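Visitor:
Number of protein chains: 2
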Amino acid sequence: MNENKNISIKDVAKHANVSTATVSHVINGTRFVSEETKRKVHQAMDDLNYRINSVARSLRSRKSHVIAFLAPILASETSNFFFMSVAAGIQSVLKQNNYHLVLSDSHEELEFEEDEIRMLSSQMIDGLIMAPASRECDYDQHFGDYPVVYIDRVPNNHQRDSVLVDNKTVSKEAVQMLIGKGHKRIAFLSGPHTLTTTEERYEGYIEALTEAGIAVDSQLIRIGEVTLSNGYQLTDVLLQHDPSAIFVTDNVMAMGVMSYLQEKSIRVPGRIAVVAFDEFQWTRITSPPLTVIEQPAFELGVKAAEVMLERIENANAPRQEHRLTAKLIVRQSS
Amino acid sequence: MNENKNISIKDVAKHANVSTATVSHVINGTRFVSEETKRKVHQAMDDLNYRINSVARSLRSRKSHVIAFLAPILASETSNFFFMSVAAGIQSVLKQNNYHLVLSDSHEELEFEEDEIRMLSSQMIDGLIMAPASRECDYDQHFGDYPVVYIDRVPNNHQRDSVLVDNKTVSKEAVQMLIGKGHKRIAFLSGPHTLTTTEERYEGYIEALTEAGIAVDSQLIRIGEVTLSNGYQLTDVLLQHDPSAIFVTDNVMAMGVMSYLQEKSIRVPGRIAVVAFDEFQWTRITSPPLTVIEQPAFELGVKAAEVMLERIENANAPRQEHRLTAKLIVRQSS
DNA sequence: GTGAAAGCGCTAACAA
DNA sequence: TTGTTAGCGCTTTCAC
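As you go down the protein sequences, you meet chains Y and E in turn.
Under the numbering used here, the first residue of the first sequence is numbered 1, with each subsequent residue one higher.
Under the numbering used here, the first residue of the second sequence is numbered 1001, with each subsequent residue one higher.
1) Taking three-plus beta-carbon pairs below 8 angstroms as touching, is the segment 104–120 of chain Y in contact with the segment 70–90 of chain Y?
2) On the DSSP bridge assignment, give the partners of residue 1260(E) in chain order.
3) In chain order, what residues of the segment 227–245 of chain Y put their CB closer than 7 angstroms to some CB of chain E?
4) Chain E beta carbons: is any one of them nearer than 8 angstroms to that of residue 317(Y)?
5) Have a look at the DSSP bridge pairing and note the partners of residue 1223(E).
6) Residue ranges of each alpha helix (DSSP H) run of no fewer than 4 residues wholly in the segment 1063–1123 of chain E, ordered along the chain?
7) Thinking just about the alpha-carbon of each residue, which of 1225(E), 1305(E) and 1162(E) is nearest to the one in residue 1320(E)?
8) For residue 1042(E), does the three-state DSSP call read helix, strand or coil?
9) Taking only the alpha-carbon atoms, compute the straight-line gap between residue 1199(E) and residue 1165(E) and give it to the nearest angstrom.
10) List the residues that DSSP assigns as beta-bridge partners of residue 274(Y).
11) Under a three-way DSSP split, which group does residue 29(Y) fall into?
12) Can you tell me whether residue 1333(E) is buried or exposed? The criterion is at least 16 other CB atoms within 10 Å of its CB, across all chains shown.
13) Is the separation between the beta-carbon of residue 93(Y) and that of residue 151(Y) shorter than 8 angstroms?
14) So, with DSSP's three-state summary, where would you put residue 1327(E)?
15) Which residue from 80(Y), 212(Y), 235(Y) and 304(Y) puts its Cα closest to that of residue 263(Y)?
16) Tell me residue 1162(E)'s beta-bridge partners as DSSP assigns them.
17) May I have the straight-line CA-CA distance separating residue 312(Y) from residue 1121(E), to the nearest angstrom?
18) Name the chain Y residues that come within less than 8 angstroms of residue 975(E), Cβ to Cβ?
19) Whose C-alpha, out of 1256(E), 1178(E) and 1174(E), is nearest the C-alpha of residue 1191(E)?
20) For the beta strand (DSSP E) containing residue 1214(E), list its first residue and its last residue.
21) Bridge partners for residue 231(Y) per DSSP, in chain order?
22) Taking the continuous alpha helix (DSSP H) assigned at residue 169(Y), which residues delimit it?
23) Thinking just about the alpha-carbon of each residue, which of 116(Y), 132(Y), 149(Y) and 289(Y) is nearest to the one in residue 1100(E)?
24) Bridge partners of residue 253(Y), per DSSP?
25) Hey, residue 1251(E) and residue 1280(E) are a contact pair by Cβ (cut 8 angstroms); roughly how many whole angstroms apart?
26) Between residue 14(Y) and chain E, is any beta-carbon pair separated by less than 8 angstroms?
27) Check each candidate in 327(Y), 300(Y), 81(Y) and 258(Y) and name the one with the smallest Cα separation from residue 168(Y).
28) Distance check for residue 244(Y) and residue 290(Y), CA to CA, integer angstroms please.
29) Evaluate the contact criterion for the segment 267–282 of chain Y versus the segment 48–60 of chain Y: three or more CB pairs, one atom per stretch, below 8 angstroms.
30) Could you have a look at residue 1316(E) and say whether DSSP puts it in helix, strand or coil?
31) Grab the span of the beta strand (DSSP E) containing residue 52(Y) for me, first residue to last.
32) Mind checking residue 3(Y): buried by the 16 CB within 10 Å criterion, or exposed?
33) Between the Cα of residue 1021(E) and those of 1041(E), 1006(E), 1036(E) and 1007(E), spot the shortest distance and give me the residue it belongs to.
34) In the DSSP assignment, find the alpha helix (DSSP H) that holds residue 1285(E) and state where it starts and stops.
35) Considering only residues of the same chain and omitting the five flanking positions on each side of residue 18(Y), which have a CB-CB separation below 8 angstroms?
36) In three-state DSSP terms, what is residue 1144(E)?
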């Protein structure tokens, strides 16, 4: 296929009349080499079309300069965009620091996730950034000897660095905004509380109500599988309890909500106001455009990568937990 | 962090009182080992919590069992979902065959792409599946000594396997459907023809018109940057030329179209019909729900992975070009 | 300023 | 049925 068959550092050394050590040092800048020798080596590398074999390099140096990102990126069209933005953020700082990113999918399922961790652990990675699929799992027993940074969510009782969104604060803010507009019966629609994120959003909702002296009505709280059709059905159920607003903590469910309201010609926000999580392009073209909470996905990735690199530098630095602020974007649906 | 410091095959061998060769063969099933010995070896591996070092394994065996997928996965929230579905398809067959998938982002930019190819080529991959960002580039000079399968699009004059969507046929079908409903002035809105996909869709459009004896009106054809706002603006321009239908070959532009029509309260399909590319969940919740062309993204990935594995098996098999059929989903917008 | 050589953890040819 | 050992391509210590 290509003439770059098996050109090794040895061939380059021979061609340039130097030792392999010198070639290696030229490549890595790890010790002084005279200009003249450098020139010869570069010449030889060009002539032979030499490409470093980073597998051999990793084996010897015990560093791969590869960071893995494990998240439910293939799971659904919504979660995948959030995590892809996170990935883009991670990538941007890794690239600057000469690290590489490997994306790995967890399917949001524990079993898949463990498989991937096993695989990654044997591939020699220098670090793992992950959005755990479960709070309950004891991940530590699966990890290899590399730093781990949790992103977006964390498992219970973990001892690692983490970079999270301040879900509670922004959820509270959103609900308070609704309360400020006179809403008293505010429904809460979300996926199961198996993730710390969902739980935190719930807490924000409860706190806003409580502080405003509004009684929490369990009829207005619905938890269910995160699908469009489930959002649709639960909206139907919720409407029987006469809410004047719905706070949906998931984007896909929000589509279900909107499709229900549209189909039944229920006026938004006249009859019912809607606030949803996540800013996607489609939230601007619903009728009316949606009020949403925009999560700093890219920045989450940037921060996580920064934390990772710091951790690699200094294994003993104190543990960090970062909370990034999300932004409420008020549009016509509320 | 973890007690699995440096357990090698050697430690296992010592612990089990066998040779490293035996351990290796137990792991890989590459030659007969007595049950008794196998048991001892497994025992030792468990005791020591041994994990294979696949870097060493790759170095020695010159196979990594890793396939890379290079595509514009981080570029935009739309393209990314298409390619993530492709990735899921690839993943599903690789997993069954004990291969691993590494996702790599091209940003839809040649420079990024070359960077990634360079990096991948030094990482010892067994194959590369890619959606080239450009038709013009001579990719072959960048590739290493592994098979390459093009997916979704191909560069000019390539000599590789490819797995593509039958864009022309389905586009033609869509336009014919519009013609069948009496439309004569059908607008065509797309991104630049730098990708084979866009070009093929254009050909389908032209062919449908021509065969129906409808003159092609260049005023009804608009090419532009693939963004929501550009879709919005070009719709405004197009409407000055009185089309009764719009065929948009890109999903993000379609959002722009819909947002314009909605904002100006233009009836769909009464005043203007809309057909767009790609089936996303949001296309079901626009008013009215969109008629779209659904690409077999997952199947594309499956096929590409299959072709790749065949190619790895047999480097000299004849070159394959596969065309998968896309599906027109007629909903209320047309 | 540069070279020789050991060895990372594994696989596989050869030997027994 | 199993063991011995060379060597994959690189980095890095030690020596000069």
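Just so it is clear, CB atoms sit at the ideal spot from N, CA and C, and this is done for glycine as well.
All of these numbers come straight from a predicted model, not from anything done at the bench.
Guide: Straight from the coordinates:
1) yes
2) Taking the first residue of the second sequence as position 1, residue 1260(E) is located at position 260. In DSSP, residue 1260(E) forms no bridge with anything.
3) 228
4) As a position in the first sequence, residue 317(Y) is number 317, starting the count at 1. No, no contact with chain E.
5) Walking along the second sequence from the start, residue 1223(E) turns up at place 223. Answer by DSSP bridge pairing, in chain order: 1190(E).
6) 1079–1096 and 1110–1122
7) As a first step, residue 1320(E) must be located in the second sequence, where it is residue number 320. Among 1225(E), 1305(E) and 1162(E), the Cα nearest to that of residue 1320(E) belongs to 1162(E).
8) Position 42 of the second sequence holds residue 1042(E). Residue 1042(E): helix per DSSP, three-state reduction.
9) Position 199 of the second sequence, counted from the first residue, corresponds to residue 1199(E). Position 165 of the second sequence, counted from the first residue, corresponds to residue 1165(E). If you take the alpha carbons of residue 1199(E) and residue 1165(E), they lie about 12 angstroms apart.
10) For the purposes of this step, residue 274(Y) is identified with residue 274 of the first sequence, where counting begins at 1. Answer is 246(Y).
11) Taking the first residue of the first sequence as 1, we reach residue 29(Y) at position 29. Residue 29(Y) falls in the coil class under three-state DSSP.
12) The count along the second sequence starts at 1 and reaches residue 1333(E) at position 333. Buried, because 16 or more other Cβ atoms sit within 10 Å of the Cβ of residue 1333(E).
13) By 1-based counting over the first sequence, the position of residue 93(Y) is 93. By 1-based counting over the first sequence, the position of residue 151(Y) is 151. No, they are not a contact pair.
14) As a position in the second sequence, residue 1327(E) is number 327, starting the count at 1. Correct three-state label for residue 1327(E): strand.
15) By 1-based counting over the first sequence, the position of residue 263(Y) is 263. Comparing Cα-Cα distances from residue 263(Y) to each of 80(Y), 212(Y), 235(Y) and 304(Y), the minimum goes to 235(Y).
16) Taking the second sequence and counting its residues from 1, the one referred to as residue 1162(E) is at position 162. DSSP, once it has assigned bridges, lists 1150(E) and 1321(E) as partnering residue 1162(E).
17) Along the first sequence, read from residue 1 onward, the residue named residue 312(Y) stands at position 312. Along the second sequence, read from residue 1 onward, the residue named residue 1121(E) stands at position 121. Taking the straight line joining both Cα atoms gives about 25 angstroms.
18) This structure cannot speak to residue 975(E), because chain E is shown only from 1001 to 1334.
19) Stepping through the second sequence from its first residue, residue 1191(E) is reached at position 191. Minimum Cα distance to residue 1191(E) is reached at 1256(E).
20) Here the question's residue 1214(E) lines up with position 214 in the second sequence. Segment: none, residue 1214(E) is in no beta strand (DSSP E) and carries neither H nor E.
21) Residue 231(Y) sits at position 231 when you count from the first residue of the first sequence. The partner list for residue 231(Y) (beta bridge, DSSP) is empty, contrary to what the question assumes.
22) Residue numbering aside, residue 169(Y) sits at position 169 when the first sequence is read from its first letter. Taken as a continuous stretch (DSSP letters only), the alpha helix (DSSP H) holding residue 169(Y) covers 167–180.
23) One-based indexing of the second sequence puts residue 1100(E) at position 100. For residue 1100(E), the nearest C-alpha among the options comes from 116(Y).
24) Stepping through the first sequence from its first residue, residue 253(Y) is reached at position 253. DSSP lists no partner for residue 253(Y).
25) By one-based count along the second sequence, residue 1251(E) stands at place 251. By one-based count along the second sequence, residue 1280(E) stands at place 280. Sure, about 6 angstroms apart at Cβ, within 8 angstroms.
26) For this step, residue 14(Y) is matched to residue 14 along the first sequence. Answer no: the Cβ-Cβ gap between residue 14(Y) and chain E never drops below 8 angstroms.
27) Start at 1 with the first residue of the first sequence, and residue 168(Y) comes out as number 168. Nearest of 327(Y), 300(Y), 81(Y) and 258(Y) to residue 168(Y), Cα basis: 327(Y).
28) For the purposes of this step, residue 290(Y) is identified with residue 290 of the first sequence, where counting begins at 1. For the purposes of this step, residue 244(Y) is identified with residue 244 of the first sequence, where counting begins at 1. Near 16 angstroms, if we compare the C-alpha coordinates of residue 244(Y) and residue 290(Y).
29) no
30) In the second sequence, the residue the question calls residue 1316(E) occupies position 316. DSSP places residue 1316(E) in coil when its eight states are reduced to three.
31) Taking the first residue of the first sequence as position 1, residue 52(Y) is located at position 52. Residue 52(Y) -> no beta strand (DSSP E), and no H or E assigned at all.
32) To locate residue 3(Y), count along the first sequence from 1; it is residue 3. Reliability of the predicted coordinates at residue 3(Y) is poor, the pLDDT of 40 falling under 50, and the value obtained from them is presented with this limitation in mind. Its Cβ having fewer than 16 others within 10 Å, residue 3(Y) is exposed.
33) The sequence position of residue 1021(E) within the second sequence is 21, counting from 1. Considering only alpha carbons, the answer is 1041(E).
34) Residue 1285(E) sits at position 285 when you count from the first residue of the second sequence. Unbroken run through residue 1285(E): none, as it is neither H nor E.
35) The residue you call residue 18(Y) lines up with position 18 of the first sequence. The residues are 37, 40 and 41.
36) Position 144 of the second sequence, counting from 1, holds the residue named residue 1144(E). Coil.
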